[in-house]
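What follows is a short report on a single structure.
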């Protein structure tokens, strides 16, 4: 996630294993990285997932699946986020 205003999700990385088992380091699987060529508004992911998603937190189980589902739905819109309709997405406007 980019710490911009508004905050944007640029890509999704999948961890290769438990951080505790990897000496405290997060190792990602490059082949499972998904780049969001249009970027995705972070607030839209929060709204669609129904979770209070925060930077630097880890999510597992149902919460992780809700976030992945929200990202997937936004990704498949295949629309630049800097358009009038999507700019308001997640800012009190239904989508």
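Residue numbers (my numbering): 1441 to 1535. Here a beta-carbon is modelled for each residue, glycine too, at the ideal position from N, C-alpha and C. The structure presented is a predicted model; accordingly, all values stated were derived computationally and were not measured.
- Contact between the stretch 1485-1495 and the stretch 1457-1469 is absent: fewer than three C-beta pairs spanning the two stretches fall below 8 Å.
- Counted as a single uninterrupted DSSP element, the alpha helix (DSSP H) harbouring residue 1511 occupies residues 1501-1517.
- Between the C-alpha atoms of residue 1518 and residue 1478 there is a straight-line separation of about 7 Å.
- Scanning its chain for C-beta atoms nearer than 7 Å, with the 5 sequence neighbours on each side dropped, one finds around residue 1511 the residues 1449, 1452, 1480 and 1485, in chain order.
- Going by C-alpha positions, residue 1466 is about 14 Å away from residue 1473.
- According to the DSSP assignment, residue 1474 belongs to the beta strand (DSSP E) that extends over 1474-1481.
- Within 10 angstroms of the beta-carbon of residue 1488 lie 16 or more other beta-carbons, which makes it buried.
- Cβ-Cβ distances below 7 Å link residue 1505 to nothing in the same chain once the five nearest sequence neighbours on each side are left out.
- Within a 10 Å sphere around the beta-carbon of residue 1522 sit fewer than 16 other beta-carbons, which makes this residue exposed.
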